[in-house]
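Number of protein chains: 2
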Amino acid sequence: MTTDIKPLLATSLRTHTCDNLRKSNIGETVTLSGWVHRRRDHGGLIFIDLRDRYGLTQLVFDPKTHPKTHHIAQEIRSEWTLQATGKVRARAEGMTNTKLETGEIEIEVSSFQPYSMAKTPPFSICDENIEANDDIRSTYRFLDLRRGNLIANQTMRFKTTTAIREFFTQKDFLEIETPILTKSTPEGARDYVVPSRIHPGTFYALPQSPQLFKQLLMIGGFDRYYQIARCFRDEDLRADRQPEFTQLDLEMSFVQEEDVIRIMEEMFSFVFKKCLNLDIQIPFKRMTHSQCMEYYGSDRPDLRYDLQLVRVDEIIKRSSFSALKEQIGKGGIVKALPIPNGAKFSRKEIDEFTTFVGKFGLNGLAWMKMSNDKLTSSIVKFFDDDLQKELIANTNVNEGDLILFAAASEATVNQALDHLRRHIAEKMDLIDENRWEFLWVYDFPLFETDKDTGKPTSVHHPFTMPNEKDISSLDSEPLKVRAKAYDIVLNGFEIGGGSIRIHREDLQRKVFEILDLSSDQIDQKFGFFIRALQYGTPPHGGIALGIDRLVMLLCKTNSIKDVICFPKTQRASDIMMDCPSAIAQNQLDELNIMTK
Amino acid sequence: MTTDIKPLLATSLRTHTCDNLRKSNIGETVTLSGWVHRRRDHGGLIFIDLRDRYGLTQLVFDPKTHPKTHHIAQEIRSEWTLQATGKVRARAEGMTNTKLETGEIEIEVSSFQPYSMAKTPPFSICDENIEANDDIRSTYRFLDLRRGNLIANQTMRFKTTTAIREFFTQKDFLEIETPILTKSTPEGARDYVVPSRIHPGTFYALPQSPQLFKQLLMIGGFDRYYQIARCFRDEDLRADRQPEFTQLDLEMSFVQEEDVIRIMEEMFSFVFKKCLNLDIQIPFKRMTHSQCMEYYGSDRPDLRYDLQLVRVDEIIKRSSFSALKEQIGKGGIVKALPIPNGAKFSRKEIDEFTTFVGKFGLNGLAWMKMSNDKLTSSIVKFFDDDLQKELIANTNVNEGDLILFAAASEATVNQALDHLRRHIAEKMDLIDENRWEFLWVYDFPLFETDKDTGKPTSVHHPFTMPNEKDISSLDSEPLKVRAKAYDIVLNGFEIGGGSIRIHREDLQRKVFEILDLSSDQIDQKFGFFIRALQYGTPPHGGIALGIDRLVMLLCKTNSIKDVICFPKTQRASDIMMDCPSAIAQNQLDELNIMTK
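Here the protein sequences line up with chains A and B, keeping their order. Using this note's numbering, the first residue of the first sequence is number 1, and each one after it goes up by one. Using this note's numbering, the first residue of the second sequence is number 597, and each one after it goes up by one.
Set out below in structure tokens:
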């Protein structure tokens, strides 16, 4: 193999990139290519910061040494692309820029030629903060991309996928491509479909995940598979959802939960070291689904701060506080949220919390403060001394702390206090942005009750293995069956989830039946998969990880659009391209479809 | 980071994989998991070859040492999956298998448990040659995948993409994901489209390539981009085409042809070293498009053998061979195909060649043989001595050689002799399967005449930069303008092609106009792109490489289906899954479409 003797990124149009000249290059004649980032006309001298993906280098056009070149350079404007040749020289004393890698040198330009001119951009490329609205930025995405943070984010994204690939290659996984034109699978969301021209009246579906393909690969003997896979869901978009998204999809044969969890922890450790040069601690914390709900009211708690919920039904029952007791009587629960140093909150602030939880269906909050070693508030009178002591002990409050109480149905209390907990953490600045708190959540229920039909539906998906200890309850108490499933939570975001899968045909059929699929429906939708299970299926399991969200966290940005080069809007459009758009009648005719 | 102390692929269900036990492990108690590959009942002893992705290990069930285990093992059948625990021991003398990595040892099984049973597969997993027809193999693709060559091919595919990624990472490229839900772009083929639910009556298109996205990334300042990208074309399939395919897509800023060519040569060198441990010679050969057509009648000649065509119009004109002269009179041409050692072909064989070329529209072949230092055949009489000498000199024939002559239109002669050349190379066994002959073809015309409309159409695509020397001819003689385009050919397969792109708005508009697009059409289809060109576009260029085909060549297989885990049929179906298939009426309703 030949090797470059020139600098790494030299091409026939440049000898160096805009980041790599230093004092040691002084005296060399170099050629740079890039964009005009800033242009300053200082009376005689013209200075240009030339920009490329890698950095900035200062060009100087001097009327004394190169009058003709200087004269033409007066025409140059921002965002032109050009090639400039000249000698590297030291910047004048007092003119060095320590913030810039190339800040000690400049190029005394002897000749240049523009490649292309540029209209005035609709927003500034060089300012850190951007004043343009989202529509303008989307329309001119090709300019928005030039801004430093998008290039840095894409570099982080590439580092992340590169590290993931490197890790799994070491572990003997094969990355395998699965089809994009496939059959509708029941992941719970709406499919994007593609009409077939050759088979009129039929459609392909874009995959919501490669779930069945990866299980077929395990049946096919591939043992260890992963893929950085594009997935598609035609859902009404929320802030952090895109119609197409990227997931790390992974499956292993001859494994149990512990094997998948262990390899993923190693992977995160590897990736965080490579991407952020951070040593994260493994193994991660673990919590059952019911513990999560109990202590945090959520199955994806942010553990960067404490603020645990405490169930206080038993204390309330023995109090004379009828407003809360009533809720228990109606089948509800009462939880306390003790807030260290929360006694400083004013009446008005506590009223704000009450308004805040109202958005989640909670009708009010009761509160007590710890002051002079005792609880104070208008409701303390409903609790005798012993009960107060018990409350203090259970909520573990100290001088200056606040306790908030919420009573309603379990779901409402949990949802409201989960949001309130996060709201208060932000308000009290309790979140250490430099902490990375991973958590495995396990022992999910296999089924939950569908709100619309009242029937059992899969919490994850119908291929999830039930806990062996609960299999005998599948018929009698399906809602009590635990799944061999695990979610991975990072800083309060669910970034992935997986499970051990069913590898026995009879068990898979049983689960389909509990999901109320008839034999015919099973055969029609999953016939091929049931058939595949009949020919020697290894025990297997895996996980899927949201790459967009993981990279978003690694980049410390709060929008997924900051880590995708060409994102869609909330209405699933690309404004720049005008997409989706109408297609020609002959295309529709060939596809044997009509629009309404 | 924690490290494994157990063998690399150990999990909670196995201590080793089926490839890694050796004599040094004798005496160890191990647990293996895998498939029953072969089962032999030798009177007392039962032998099982246990298989996983990595290899085979022999299990022995001995009725003397483990009577109960042996008894149950009698039930085991092919393709069951099971876990077996036992002691590693040396195979008996004379029973070692030198072909197998684990051939010196076996496991004396003390306990085992099946994970799953298996029906009898519809075809054998262990035989190298498979007797089942394509439909059965497609229906049971999950079983076909278990066969060794498909796993080996996927391993080669993974090695290839891993090497490509490693190479471009070293060269500071970023792999960037571009959208799959996008706008129809004019790559010349039919688009797959996706109806939008949110915007009734509109459609996304699946990308035929990320062409415009990668150019937008260059405009966005990303400098060096690549992607192993899924692409889609709704074409009537030929043997080696799939509705979705994978390409290495690459683009660089501030480059000329030479830069792209050089980095690709380095990449091939790196990939062939990593994948096949071969040192291929770079730089590759180069030939202009017109030289290719002249010498090989094709723009993707297989250079593993010689057999060059020779244009002999001038000699024929001076002969009295009226049959061929007539063709020249009608605007045709005459080419000779000299075949070393071809004089041995019988009359019958030459007749076969004539029939063969008939399929490509050629009405006949004339021929001469070199025998006793002179040309012989029934047509030699039409050539005087000087002409014969000239013919011998031009075709460079020697004793025992054959010359075939074809006369017709240039296109017909080229097409027929290209096929005949390949046919004869196979027949004469001239192809060295261990040779890798790369060739760059360049100086393509920018436009060709569309057969249907008679108007100029792009040979590559409308974003290809014309050769600067020919730009002045764009209006007057567009068909004579050469493109800054280059194709890469390997062993007679076009495996990729690329170009320097237009970076000037005015030139891009001009090309669109030559392609007969009105201003309105330009704005409607390419408005966003023309706009992007107005804000400072760097000179840029790139290439796209067919990964499926490259891997097919690396695997020395002749079907693209051997390197894709879940390929579609010629009718673009997945027989295993029954895809494409009908979708529910409510899905159609939500999408605002009807089927005819």
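Positions of the beta carbon are idealized from the N, C-alpha and C atoms, including for glycine. The structure presented is a predicted model; accordingly, all values stated were derived computationally and were not measured.
_Taking the beta carbon of proline 934(B) as the centre, do at least 16 other beta carbons fall within 10 Å, making it buried, or is it exposed?_
buried
_Pairwise C-alpha distance: histidine 795(B) and alanine 323(A)_ = 49 angstroms
*Please classify aspartate 1071(B): is it buried, with 16 or more other beta-carbons within 10 angstroms of its beta-carbon, or exposed?*
exposed
*Determine the DSSP secondary structure at glutamate 494(A), reduced to helix, strand or coil.*
strand
*Report yes if the C-beta distance between proline 539(A) and histidine 503(A) is below 7 angstroms; otherwise report no.*
yes
_Does the distance between the C-beta of threonine 716(B) and the nearest non-hydrogen atom of the ligand GDP fall short of 6 angstroms?_
With respect to the ligand GDP, the structure shown offers nothing to examine, as it has no ligands at all.
_Exposed unless 16 or more other CB atoms sit within 10 angstroms - verdict on glutamine 670(B)_ = exposed
*Count the other C-beta atoms from every protein chain shown that fall within 10 angstroms of the C-beta of alanine 602(A), then say buried if there are 16 or more, exposed otherwise.*
Nothing in the structure corresponds to residue 602(A), since chain A is present only between 1 and 596.
*Take isoleucine 601(B) and list the residues in its own chain whose beta-carbon comes closer than 8 angstroms to its own, dropping the five residues that flank it on each side.*
For isoleucine 601(B), the pLDDT reaches just 37, beneath the cut-off of 50, and the residue's location in the model is therefore unreliable, although a value from the coordinates is still provided. The answer is none, since no qualifying residue turns up.
*Residue-chain proximity (lysine 6(A), chain B), Cβ-Cβ < 7 angstroms*: Note that lysine 6(A) has pLDDT 40, beneath the 50 cutoff, so the model's placement of it is unreliable and the number below is only indicative. False, the Cβ-Cβ gap to chain B never drops below 7 angstroms.
*Report buried or exposed for isoleucine 772(B), applying the criterion of at least 16 other Cβ atoms within 10 angstroms of its Cβ.*
buried
*Compare the beta carbon distance of valine 563(A) and arginine 157(A) with 7 angstroms and say whether it is the shorter of the two.*
yes
*Between aspartate 373(A) and the rest of its own chain, which residues show a CB-CB distance below 8 angstroms, the 5 nearest in sequence each way excluded?*
Glu399
*Give the interface partners of glutamate 244(A) over in chain B, defined as CB-CB distance under 7 angstroms, in chain order.*
Pro775, Ile776, Leu777
_Cα-Cα separation between isoleucine 164(A) and glutamate 1064(B), rounded to whole angstroms_ = 44 angstroms
*asked:* Taking only three categories from DSSP, how would you classify phenylalanine 978(B)?
replied: helix
*Please specify which runs of the beta strand (DSSP E), each continuous and at least 3 residues long, are wholly inside the segment 236 to 321 of chain A, giving them in chain order.*
244 to 253, 285 to 288
*Indicate whether the contact test is met: 3 or more Cβ pairs, each with one atom in the segment 24 to 35 of chain A and one in the segment 102 to 121 of chain A, closer than 8 angstroms.*
yes
*Inspect the beta-carbon positions of phenylalanine 167(A) and methionine 267(A) and report whether they are closer than 7 angstroms.*
yes
*Looking at C-alpha atoms only, which residue of Thr774(B), Asp1028(B), Thr1045(B) is the closest neighbour of arginine 900(B)?*
Asp1028(B)
*Determine, using beta-carbon pairs with one atom in the segment 1077 to 1095 of chain B and one in the segment 1055 to 1062 of chain B, whether at least three such pairs fall under 8 angstroms.*
yes
*asked:* 7 angstroms is my cut-off, CB to CB: does glutamine 795(B) come that close to chain A?
replied: Looking at the sequence shown, residue 795(B) is not glutamine but histidine. True, the Cβ-Cβ gap to chain A drops below 7 angstroms.
_CA-to-CA distance, glycine 1123(B) to lysine 171(A), given in whole angstroms_ = 47 angstroms
_Members of the segment 139 to 155 of chain A near chain B, C-beta cut-off 7 angstroms_ = Phe142, Leu143, Leu145, Arg146, Ile151, Gln154, Thr155
*Closest Cα partner of proline 207(A) within the set Asp249(A), Leu21(A), Leu550(A), Asp523(A)*: Asp249(A)
_Could you tell me the alpha carbon to alpha carbon distance between phenylalanine 866(B) and aspartate 645(B), rounded to whole angstroms?_
37 angstroms
*Have a look at Asn491(A), Leu446(A), Leu515(A) and flag the residue whose alpha-carbon is nearest the alpha-carbon of asparagine 434(A).*
Asn491(A)
*For the alpha helix (DSSP H) that methionine 1193(B) lies in, which residues bound it at each end?*
Nothing can be reported for residue 1193(B), as the shown portion of chain B is limited to 597 through 1192.
*What residues from the segment 562 to 573 of chain A come within 9 angstroms of chain B, judged by C-beta to C-beta, listed N to C?*
Ile564, Cys565, Phe566, Pro567, Lys568, Arg571, Ala572, Ser573
*Find out if the Cβ-Cβ distance for the pair glycine 1132(B), leucine 145(A) is shorter than 7 angstroms.*
no
*asked:* Tell me which residues of the segment 671 to 689 of chain B have at least one Cβ-Cβ distance to chain A shorter than 7 angstroms, keeping chain order.
replied: Glu675, Trp676, Thr677
*Can you grab the Cα-Cα spacing for the pair threonine 3(A) / valine 88(A), in whole Å?*
Its pLDDT being 38, under 50, threonine 3(A) is placed unreliably in this model, and the value from its coordinates should be taken loosely. Approximately 26 angstroms, taken between the alpha carbons.
_So, with DSSP's three-state summary, where would you put isoleucine 328(A)?_
helix
*Skipping 5 residues on each side, what residues in its chain have a beta carbon closer than 7 angstroms to that of tyrosine 800(B)?*
Leu777, Thr778, Val789, Val790, Ser792
_Taking CB distances under 7 angstroms as the criterion, tell me whether glutamine 540(B) reaches chain A._
The structure shown does not extend to residue 540(B), since chain B is modelled only from 597 to 1192, so the question has no answer here.
*Determine the chain B residues that contact lysine 596(A) at a beta-carbon separation under 8 angstroms, and present them in chain order.*
Pro796, Gly797, Asn1188, Ile1189, Met1190
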